[in-house]
Amino acid sequence: MEEQIDLTPFDNFKISGFQPLQDLKRSPCPKCKASRMYFCYTCYKYVEDIDQSKLPKIKLPIPVDIIKHQKELDGKSTAIHAALIAPDDVHIYIYPVIPDYSKQQDVLLVFPGPGAHSLEYYSKPKSDSATILHTRKRVITDTGDGPQAKEIHIDKDTITENHAHDEKTENEKKTMGSQNGVNFEPTFKKVVLIDSTWNQVHGISSDKRLKGVKCVELTEQSTNYWRRQHSRPDNHLATIEAIHSFCKQYHEKFIGEYSGQYDNLLYFFKFFYKMVHKNKELKKRF
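Written out as structure tokens, the structure reads:
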């Protein structure tokens with residue numbers, strides 16, 4: 002039986018239009034000068050003829066490291082999509098040249114398995130005083146004649162002004178989360194993903210430099226990747242799908258209501274998805 006393809010899986014996503022990609026021809030990579038279409042998948046750069054100012058660029062809620070297997074075909078990998086769309090927050094390492102994550106206590110590895118937990122498991126109640134929204138507070142002061150209770154009025158602006166500058170940026174997400182009814186903060190500061198085939202992934206995940214790293218498992222969803230590994234179930238996502246899913250779940254858990262802030266991570270994924278299935282339809286007609 003022929004597989005039924007969903008031609009509209011991205012209708013509910015907020016993804017930018019593809020006008021900047023229309024009618025482009027191959028042009029040089031600005032770094033290695035190789036002739037490429039759209040971008041160079043070895044240098045992680047857009048080609049010279051593309052207008053980058055018209056392409057989406059986003060800020061992720063957390064730094065993302067991607068460990069790409071050295072034998073993973075560059076043309077098949079979706080990891081580069083993240084490096085192009087969120088260049089300030091994504092770093093790609095080519096295995097076996099990777100950091101020693103076993104010495105980092107604030108890192109999570111997105112990897113399913115018996116030891117993996119949901120994102121909920123890696124959260125804790127907020128403790129930062131800047132998120133307290135009380136309008137009045139009892140303060141004890143020592144006047145020399147014994148402690149006296151004094152009632153003072155504190156508003157949110159005063160709290161913010163009294164915080165050190167280097168704490169302000171870190172607390173912005175926490176304050177935003179409290180205002181949106183989110184009362185938890187993450188117990189980690191970076192997330193790591195493995196970009197490889199299923200047969201290659203266990204060689205990386207068992208590396209001693211990943212030993213002891215805590216694993217998180219994403220809420221199940223079906224992949225829309227056009228190069229499916231037929232021996233694997235539909236919930237094995239492409240790398241860019243996994244990054245998008247994680248950022249969405251992170252935002253909902255620790256920041257507030259999700260309204261498509263990271264949907265453009267799927268910009269090239271959607272573009273190639275439509276291109277592949279359009280070509281399939283044309284082949285059927287002829």
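Sequential numbering of the sequence shown, starting at 2, is according to the numbering used here.
Using N, Cα and C, we set each Cβ at its ideal position, and we do this for glycine too.
The beta carbons of Tyr-39 and Ile-93 sit no closer together than 8 angstroms. A straight line joining the alpha-carbon of Ala-84 with that of Lys-127 spans about 31 angstroms. Phe-273 is the residue among Lys-279, His-278 and Phe-273 whose C-alpha sits nearest the C-alpha of Gly-76.
Each residue's CA atom was taken as its position, placing Thr-79 and Asn-184 some 33 angstroms apart. Taking a contact to require three or more Cβ pairs closer than 8 angstroms, the segment 100 to 109 and the segment 187 to 195 qualify as touching. In the structure shown, Tyr-39 falls within a coil segment according to DSSP collapsed to helix, strand and coil. Following the DSSP letters along the chain, one finds Leu-74 in no beta strand (DSSP E), marked with neither H nor E. Here Leu-266 is actually not in contact with Ile-99; their C-beta atoms are around 22 angstroms apart, not less than 8 angstroms. By the 16-neighbour rule on beta-carbons within 10 angstroms, Leu-25 is exposed. For Phe-14, there is no enclosing alpha helix (DSSP H), as DSSP marks it with neither H nor E. For Leu-85, the uninterrupted alpha helix (DSSP H) run begins and ends at 80 to 86, by DSSP. For the pair of segments examined, the segment 249 to 258 was found to touch the segment 118 to 125: the number of CB pairs separated by less than 8 angstroms reaches three.
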